[in-house]
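S.K.:
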Amino acid sequence: MGKSKLVEDVATASSYMDFQLEHMHLDLLVDVEARKLRGSEKLNLCVLRETGELRLDSHPTMHVLRAEGPPGHELPWEYKPFTRYGNVTVLRLPEPVSPGTQLVITIEYEANESPGVCWLEPQQTAGKKKPYMYTQGQAVLNRCFFPSFDTPVVKSTFSANITVPDGFTAIMSANNWDRQGQTFVFNMTQPIPSYLVALVVGDIVSADVGPRSRVWAEPCLIEAAKKEYDGVIEEFLTVGEKLFGPYVWGRYDVLFMPPSFPFGGMENPCITFVTPCLLAGDRSLADVIIHEISHSWFGNLVTNANWGEFWLNEGFTMYAQRRISTELYGYSYSCLEAATGRALLRQHMDTSGEDHPLNKLRVKIEPGVDPDDTYNETPYEKGFCFVSYLAHLVGDQGKFDAFLRAYIDSFKFQSITADEALDFYLDYFPDLKSREVDKITGLEFDRWLNTPGWPPFLPDLSPGNDLMKPAEELAVLWSANPLDMEAIARVDIAQWKTYQLIYYLDRILEKSPLPSGNIEELAKYYPKISEAANAELRLRWGQIILKNDYQLHFHKVHDFLQSQGKQKYTLPLYRAMNAGSEAACALGREIYNKTSEQLHFNVKNYVKKILDA
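According to the numbering used here, the residues represented by the sequence shown are 46 to 658, in order.
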């Protein structure tokens, strides 16, 4: 089971070191009227250390009704407090059990509406006809869904029977599905951590978009989803397999969630959940799926052992995403996309301060702190820089790609620490190990992991200059006073790709507020930007509007925030409103009062904190 099993995880109260979870089975009835899940969970366990109790992560919104194990022996239980994001259910065993003992524990319970079991009213869905339920496990929310060892270091297979009312469909993150009347039967034969067990129930239909992929969505979105993704997912998967080895999960489906879904994507195995913001109508955001596909190897197959090592999931995934993009679209394009990521990291570190403890790759999560509250750009973009540095030390892309395949093959279906990953790297490249590349002054691996601040190495993004330079020059022209409209007219942005427009808008935002009248001219001159349907452009246009106090377009911020609840888009706009003029602050409160009920529980709390600051 590897040394990761002994890794401490302060975000779980479970007795995960005392038991090996071999399989979990759920048998649940979805009660749409009462907004709850009712049924049972069966755990197949092997005892690792002598103990007289079983502790499972749970939540005050979940109620245990009965516990049994071994069969016929009813178990007493009690709840004990743990943190604000959960409690612990303690089951007393009839007698102490010794290592090697096989146990089957059955728990009857009900799970009510909670941060991890989200119920939407019909008006919060795209179709506005039927309610909708989804679970969101990452990072520590699946303890709301089922009593669990809610830590990424524990992986197991699972199966489920989910019974739903007539007219509803159930979907889970499993590689085998069947239907028997109103009961949907799922079996996941590959071991996964608890946070990747996902369930959705709603008015959902599907359409094939490739030999092993289909899109799922509410009926009113399915045609748009099929049009946007027909044929492209298989292309992404094929390149991923060429680079990183076999795709082991069978199907790769994509579910377009209701607008209030707080994430861009959630890489649940076999079926990625994504925001409907990706339905731009012109395939301009289709490559966002590449990030989620990359998690099929980095995160889902090889997983961070605890949430303090989150960069192992996200830094490697960012690197993998950009490798796939390079193969598909060329190096200059992936450099441009990486430059937009670097700009996000710069914005984050300017806001938080470079020496903030969250700006380390290895984050020390203190007991009681919700891992979700540590979320920021650092594990993604600083993590990407570190993986890029490891590739730079090798000096040969083909050899580093081969290392990544070996890394995946060696650690597949395991949860690991950074130390294990880096030890494997040095053992794989003995010449680098003998040169002690992990101790190069200023670039020590220990510094990368444990010192906050800007990455000590930045990959060379200059191959993207042929795409970045025109965007930078155009931003300079638009920040001039007076405007040189002849020079501006000579720059044709009609053929610019999405990330080139994003890069341009990031430069405009940096130079804002612009001289008086410039933003008004820009809005009129580029309806491709100011009237865009693309969510990434709408976000940046909203930030520019607010920084320039361009009140004529304030309604665009309102419309965008009313149309979706993605955290990545919602929080920056509320921060910009709060930092803006009196009118911008008032706009923030007005939008929040109108839309707060459609936001996810966590996002709602984060927005409230911003407005109360």
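Where a beta carbon is used, it is the ideal one built from N, C-alpha and C, also for glycine.
Among the candidates V52, L644, F190, M394, whose CA atom is the shortest distance from the CA of C420?
M.R.: The question names Cys, but residue 420 is Tyr in the sequence shown. Looking at the Cα atoms, M394 is the closest of the given residues.
S.K.: Between E98 and the rest of its own chain, which residues show a CB-CB distance below 8 Å, the 5 nearest in sequence each way excluded?
M.R.: So the list reads S60, V135, L136, R137, L138, once near-sequence residues are dropped.
S.K.: Assuming I589 and V602 are in contact, meaning their beta carbons sit under 8 Å apart, how far apart are those beta carbons, in whole angstroms?
M.R.: Wrong, their Cβ atoms sit about 10 Å apart, outside the cutoff.
S.K.: Report the residue from A184, F231, N132, D195 whose alpha carbon sits nearest the alpha carbon of S204.
M.R.: Nearest C-alpha to S204: F231.
S.K.: Tell me whether the beta-carbon of F429 lies closer than 7 Å to the beta-carbon of M363.
M.R.: Cβ atoms of F429 and M363: closer than 7 Å.
S.K.: Could you tell me if D505 is buried or exposed, where buried requires 16 or more neighbouring beta carbons within 10 angstroms of its beta carbon?
M.R.: Under this definition D505 is an exposed residue.
S.K.: Would you kindly work out how many angstroms separate the C-alpha atoms of G498 and E399, rounded to a whole number?
M.R.: Roughly 5 Å between the two C-alpha positions.
S.K.: Give the straight-line distance between the Cα atoms of S143 and C91, rounded to the nearest whole angstrom.
M.R.: Straight-line Cα distance between these residues: approximately 10 Å.
S.K.: Mapping DSSP to helix, strand and coil, what is D248?
M.R.: Coil at D248, not helix or strand.
S.K.: Output needed for G633: all residues of its chain with C-beta closer than 7 Å, excluding positions within five of it in sequence on either side, in chain order.
M.R.: Y619, M622, N623, L656.
S.K.: For A525, tell me which candidate among D511, L467, I564 has the shortest Cα-Cα distance.
M.R.: Of D511, L467, I564, the residue nearest in Cα terms is I564.
S.K.: Just the Cα atoms here: how many angstroms apart are L241 and P314?
M.R.: Distance between the alpha carbons of L241 and P314 is about 7 Å.
S.K.: Identify every run of the alpha helix (DSSP H) within the segment 522-609, keeping only runs that are complete inside it and at least 4 residues long; order them along the chain.
M.R.: Qualifying alpha helix (DSSP H) stretches, in chain order: 530-534, 543-556, 563-570, 572-575, 580-592, 599-608.
S.K.: Which of the three DSSP states is assigned to A350 in this structure?
M.R.: A350 falls in the coil class under three-state DSSP.
S.K.: Measure the beta-carbon distance from S201 to I316 and round it to whole angstroms, keeping in mind my assumption that it falls under 8 Å.
M.R.: Their Cβ separation, rounded to whole angstroms, is 19 Å, which puts S201 and I316 out of contact at 8 Å.
S.K.: Determine the DSSP secondary structure at K48, reduced to helix, strand or coil.
M.R.: Its pLDDT being 46, under 50, K48 is placed unreliably by the model, and nothing is read from it.
S.K.: Measure the C-alpha to C-alpha separation of G625 and N220 and round it to an integer number of angstroms.
M.R.: When rounded, the distance between both Cα atoms is 48 Å.
S.K.: Here's a check: name, in chain order, each residue in its chain whose Cβ is nearer than 7 Å to the Cβ of I553, leaving out the five neighbours to either side.
M.R.: Excluding sequence neighbours, I553 sits near A520, W523, I589.
S.K.: Okay, do the segment 330-346 and the segment 278-295 touch, 3+ Cβ pairs below 8 Å being the bar?
M.R.: As far as the Cβ criterion goes, the segment 330-346 touches the segment 278-295, which means the pair count is three or higher.
S.K.: Please name the residue in E273, S251, Y274 whose C-alpha comes closest to that of E263.
M.R.: Here the closest residue by C-alpha is S251.
S.K.: Less than 6 Å between the CB of D332 and some heavy atom of the ligand NAD, yes or no?
M.R.: The model depicted lacks the ligand NAD and carries no ligand whatsoever.
S.K.: Per the contact definition of three or more C-beta pairs closer than 8 Å, is the segment 471-489 in contact with the segment 372-384?
M.R.: They do not touch, by the three-pair rule.
S.K.: For M178, count neighbouring C-beta atoms within 10 Å of its own C-beta (all shown protein chains included) and say buried if the count is 16 or more, exposed if not.
M.R.: Buried: at least 16 other Cβ atoms inside 10 Å.
S.K.: How would you label L51, buried or exposed, when you count the other beta carbons within 10 angstroms and need 16 or more for buried?
M.R.: Result: exposed.
S.K.: Along the chain, where does the beta strand (DSSP E) containing S258 start, and where does it finish?
M.R.: Element bounds for S258: 258-262.
S.K.: So within the segment 362-422, which uninterrupted alpha helix (DSSP H) runs reach at least 4 residues, ignoring any that extend past its ends?
M.R.: For the segment 362-422, whole alpha helix (DSSP H) runs of length 4 or above, ordered along the chain, are 376-397.
S.K.: Can you tell me the Cα-Cα spacing of Y549 and E158, whole angstroms?
M.R.: So the alpha carbons of these two residues sit roughly 42 Å apart.
S.K.: Have a look at Q23 and G182 and give me their C-alpha separation to the nearest angstrom.
M.R.: Outside the modelled stretch of the chain, which goes from 46 to 658, sits residue 23, for which no answer is possible.
S.K.: At which residues does the beta strand (DSSP E) containing L503 begin and terminate?
M.R.: Run containing L503: none; DSSP gives neither H nor E here.
S.K.: Does DSSP put E98 in a helix, in a strand, or in coil?
M.R.: Correct three-state label for E98: strand.
S.K.: Expressed to the nearest angstrom, what Euclidean distance is found between the alpha-carbon atoms of E166 and D248?
M.R.: Answer to the nearest angstrom: the Cα atoms are 12 Å apart.
S.K.: Rounded to the nearest angstrom, what separates A463 and E354 at their Cα positions?
M.R.: Cα to Cα, the separation comes out at about 7 Å.
S.K.: Using a 10 Å radius around the Cβ and a threshold of 16 neighbouring Cβ atoms, would you call G276 buried or exposed?
M.R.: Exposed, by the Cβ-count rule.
S.K.: When burial is assigned at 16 or more other CB atoms within 10 Å of the CB, is D491 buried or exposed?
M.R.: With fewer than 16 other Cβ atoms within 10 Å, it is exposed.
S.K.: Roughly how many whole angstroms lie between the Cα atoms of W261 and L477?
M.R.: Approximately 47 Å between the Cα atoms of the pair.
S.K.: Please list, in chain order, all residues of the same chain as D529 whose beta carbon is under 8 Å from its beta carbon, the five residues on each side excluded.
M.R.: Closer than 8 Å at the Cβ level, and outside the excluded window around D529, lie L522.
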